[in-house]
Amino acid sequence: MAKAKKKAAFFCSGCGFESPKWLGQCPVCHEWDTFAEEPAAVHWQTSLSGAVRSAPARLNEVKADEEERIATGIGELDRVLGGGIVTGSLILTGGEPGIGKSTLLLQMCRVLSANGHKILYVSGEESSKQIKMRAERIGDFCNNLYLLCETDLGIISETITDMKPIIVIIDSIQTMYSEDAGQTPGSASQVREATGRLMKLAKSLPVSIFIVGHVTKEGIVAGPRLLEHMVDTVLYFEGDGGASYRFLRSVKNRFGPANEIGVFEMHQDGLKEVLNPSAYMLQGKPENAPGSVVTCSIEGTRPILAEVQALVCQTSFNMPRRTAAGTDYNRVNLLMAVIEKRLGIRLGGYDAYINVAGGMKINEPALDLGIVAAILSSYKNQAFDSRTICFGEVGLVGEVRAVSLSKQRVMEAAKLGFERCIMPKASFRELDMDKSALNGMTLSGVSSIYELLEVV
Ligand code: TYD
Ligand code: MG
Numbered sequence: 299m300a301k302a303k304k305k306a307a308f309f310c311s312g313c314g315f316e317s318p319k320w321l322g323q324c325p326v327c328h329e330w331d332t333f334a335e336e337p338a339a340v341h342w343q344t345s346l347s348g349a350v351r352s353a354p355a356r357l358n359e360v361k362a363d364e365e366e367r368i369a370t371g372i373g374e375l376d377r378v379l380g381g382g383i384v385t386g387s388l389i390l391t392g393g394e395p396g397i398g399k400s401t402l403l404l405q406m407c408r409v410l411s412a413n414g415h416k417i418l419y420v421s422g423e424e425s426s427k428q429i430k431m432r433a434e435r436i437g438d439f440c441n442n443l444y445l446l447c448e449t450d451l452g453i454i455s456e457t458i459t460d461m462k463p464i465i466v467i468i469d470s471i472q473t474m475y476s477e478d479a480g481q482t483p484g485s486a487s488q489v490r491e492a493t494g495r496l497m498k499l500a501k502s503l504p505v506s507i508f509i510v511g512h513v514t515k516e517g518i519v520a521g522p523r524l525l526e527h528m529v530d531t532v533l534y535f536e537g538d539g540g541a542s543y544r545f546l547r548s549v550k551n552r553f554g555p556a557n558e559i560g561v562f563e564m565h566q567d568g569l570k571e572v573l574n575p576s577a578y579m580l581q582g583k584p585e586n587a588p589g590s591v592v593t594c595s596i597e598g599t600r601p602i603l604a605e606v607q608a609l610v611c612q613t614s615f616n617m618p619r620r621t622a623a624g625t626d627y628n629r630v631n632l633l634m635a636v637i638e639k640r641l642g643i644r645l646g647g648y649d650a651y652i653n654v655a656g657g658m659k660i661n662e663p664a665l666d667l668g669i670v671a672a673i674l675s676s677y678k679n680q681a682f683d684s685r686t687i688c689f690g691e692v693g694l695v696g697e698v699r700a701v702s703l704s705k706q707r708v709m710e711a712a713k714l715g716f717e718r719c720i721m722p723k724a725s726f727r728e729l730d731m732d733k734s735a736l737n738g739m740t741l742s743g744v745s746s747i748y749e750l751l752e753v754v
């Protein structure tokens, strides 16, 4: 009988792409010289079922009890988690270094431990002293929070099994080391192995585990993408480097809505929740300035108003410069082409800089009409009325298409005292609301970008 060969594969250290042979450049993240040979993937999820053979069951007979949840006491975090931490779940919290992941989790630990839950905070990055210093900025802690500065997963699992905490924080997964994988910490197979072990532990005890994961400049968790498939919930903490806003977003959630967003602000004494994000996002908005338009985006289940800014000016280069911050660059180029072709406005000789103010990232098509209005307003150097909001998707022939959840968007604008709302005509049908809820706001339906020019 032929001897089974020990399986190995090559992994990209940037994104975790797996290849049977060595490659000079990764076909996924396009980084050079990132491939290293490591033992092939262990598929934890299949091995989780164990040796017990399961039999098929009728769907109607399966009992689905409500999951047990622990509310964290931080409203914005509970919202993103779908109503609290589900017992036995594994939650990945990703974000750039310095964005505030450790601060957020430590604050969560503070509230939970004060409510009588036993919590273990494992840090492989910082010493107890450093954590203590951070804790002192946040406030007083009670005796239910334990610290463990350790990177050996064997010791960590033993401690968790002995101590039986309700919640464990692993800060960060890239520093954890498991002997089974036999590679340096942070390598693709180490990160995968460590996550697999933690997953097994979380389900078997059960204990809820938060894993902190660092994100590379491309915006993916360093180490394998496989990680995202393994965990129950993936949260990303993002924000503008300079600004103090922080957005916590659920990218995946097996126990709640995905794409839900929580808004925080970083202060001297930790993160504070932002209770009215729309008002917050519009703070400091200039009055009657050309190129500034307010629009409404739906983030998860919640409408948030945001200001789109455009600066369109004659180019001094052969090729006009175009940038898009907070939204999709290609979408902006496409909308400029639509304006050029359908409205006959020659934008070829103009630079265009588009920005969503406040550091929020919006990739929703409903932003299109706001971007078009901002570009036209800047091009014509005429201010767009600052008490008017507009939203809608723009198609390739210049038509304005219906968007989902128009009613929520209209209500949010009315709540914040806007006087007029320009929206897709096709979305009117959806709006079975009584006029009194509009606070005196008027609605204007448009079906194409020509009509947008007519109504403003
Ligand atoms: P941290 O939670 O360490 O980030 P991460 O774990 O994501 O790397 O947060 C670090 C930044 O937050 C640091 O630049 C200091 C700042 N900070 C405050 O502004 N106020 C505070 O109360 C705390 C604890 C941190
Ligand atoms: Mg940290």
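Last residue of the sequence shown? That's 754 in the numbering used here, and every number before it is there in order. Ideal placement from N, C-alpha and C gives every residue a C-beta, glycine not left out. Fair warning: this is a prediction, and the values are worked out from it, not measured in the lab.
Do residue j and residue i count as a contact pair if the criterion is CB distance below 8 Å?
{"i": "R356", "j": "S400", "result": "no"}
{"i": "V606", "j": "R620", "result": "no"}
{"i": "C407", "j": "I464", "result": "no"}
{"i": "Y543", "j": "E563", "result": "yes"}
{"i": "V692", "j": "V744", "result": "no"}
{"i": "S421", "j": "L445", "result": "yes"}
{"i": "A556", "j": "V549", "result": "yes"}
{"i": "A604", "j": "I673", "result": "no"}
{"i": "E536", "j": "S595", "result": "no"}
{"i": "R740", "j": "L665", "result": "Checking the displayed sequence, the identity of residue 740 turns out to be Thr instead of Arg. Contact flag unset, no."}
{"i": "P722", "j": "V695", "result": "no"}
{"i": "S387", "j": "A306", "result": "no"}
{"i": "V384", "j": "I458", "result": "no"}
{"i": "Y475", "j": "D450", "result": "yes"}
{"i": "D310", "j": "E329", "result": "Reading the sequence as shown, one finds Cys at residue 310 and not Asp. Contact flag set, yes."}
{"i": "A622", "j": "I652", "result": "yes"}
Have a look at the options and flag the residue whose alpha-carbon is nearest the alpha-carbon of residue i.
{"i": "L390", "options": "L546, L445, E359 and M658", "result": "L546"}
{"i": "M756", "options": "E691, C611, I602 and D478", "result": "Residue 756 lies beyond the residue range present for the chain, which begins at 299 and ends at 754; the question has no answer from this structure."}
{"i": "V698", "options": "I673, E749, I687 and G738", "result": "E749"}
{"i": "I747", "options": "D732, R718, P618 and F689", "result": "F689"}
{"i": "R377", "options": "E536, V701 and G598", "result": "G598"}
{"i": "I372", "options": "T625, D469, G560 and G738", "result": "G560"}
{"i": "R490", "options": "V505, A712 and G511", "result": "G511"}
{"i": "R367", "options": "G738, N586 and H415", "result": "H415"}
{"i": "K570", "options": "N358, P318, R435 and R718", "result": "R435"}
{"i": "W320", "options": "D730, R727 and D331", "result": "D331"}
{"i": "N586", "options": "S352, G657 and S675", "result": "S675"}
{"i": "E424", "options": "V409, S470 and V654", "result": "S470"}
{"i": "D730", "options": "N737, K705 and A712", "result": "K705"}
{"i": "L736", "options": "K678, R718 and R727", "result": "R718"}
With a threshold of 8 Å between beta-carbons, can residue i be considered close to chain B, or not?
{"i": "P354", "result": "The chain labelled as chain B is not found in the depicted structure, where only one protein chain is given."}
Express the C-alpha separation of residue j and residue i in angstroms, rounding to a whole number.
{"i": "S576", "j": "S590", "result": "16 Å"}
{"i": "W342", "j": "M579", "result": "With a pLDDT of only 47 at W342, under 50, the local geometry of the prediction cannot be trusted, and the value read off the model is given with reservation. Roughly 42 Å between the two C-alpha positions."}
{"i": "L751", "j": "Q680", "result": "12 Å"}
{"i": "S455", "j": "G398", "result": "26 Å"}
{"i": "S614", "j": "I660", "result": "30 Å"}
{"i": "T370", "j": "T686", "result": "38 Å"}
{"i": "R552", "j": "K361", "result": "17 Å"}
{"i": "P483", "j": "L633", "result": "45 Å"}
{"i": "M617", "j": "Y627", "result": "16 Å"}
{"i": "L443", "j": "G437", "result": "13 Å"}
{"i": "V529", "j": "F508", "result": "10 Å"}
{"i": "A492", "j": "L525", "result": "10 Å"}
{"i": "F315", "j": "M461", "result": "37 Å"}
{"i": "Q405", "j": "L573", "result": "17 Å"}
{"i": "G244", "j": "A479", "result": "Within the shown structure, residues of the chain are numbered from 299 to 754, placing residue 244 beyond reach of any answer."}
{"i": "G392", "j": "H527", "result": "14 Å"}
{"i": "G380", "j": "G554", "result": "4 Å"}
{"i": "N358", "j": "L503", "result": "28 Å"}
{"i": "S742", "j": "L714", "result": "18 Å"}
{"i": "S725", "j": "V326", "result": "39 Å"}
{"i": "D538", "j": "V532", "result": "20 Å"}
{"i": "S487", "j": "Q472", "result": "11 Å"}
{"i": "A353", "j": "V513", "result": "40 Å"}
{"i": "A650", "j": "N413", "result": "52 Å"}
{"i": "P584", "j": "V654", "result": "14 Å"}
{"i": "Y534", "j": "A334", "result": "27 Å"}
From the DSSP output, which residues share a beta bridge with residue i?
{"i": "V510", "result": "T391"}
{"i": "C594", "result": "L603"}
{"i": "V654", "result": "V606"}
{"i": "M564", "result": "L569"}
{"i": "Y534", "result": "G392 and R547"}
{"i": "R619", "result": "R619 is not bridged to any residue."}
{"i": "T740", "result": "R718"}
{"i": "I333", "result": "The sequence shown places Phe at residue 333, rather than the Ile named in the question. C310, per the DSSP bridge assignment."}
{"i": "E316", "result": "F309"}
{"i": "I687", "result": "V592 and C719"}
{"i": "A724", "result": "Its beta-bridge partners do not exist; DSSP assigns none."}
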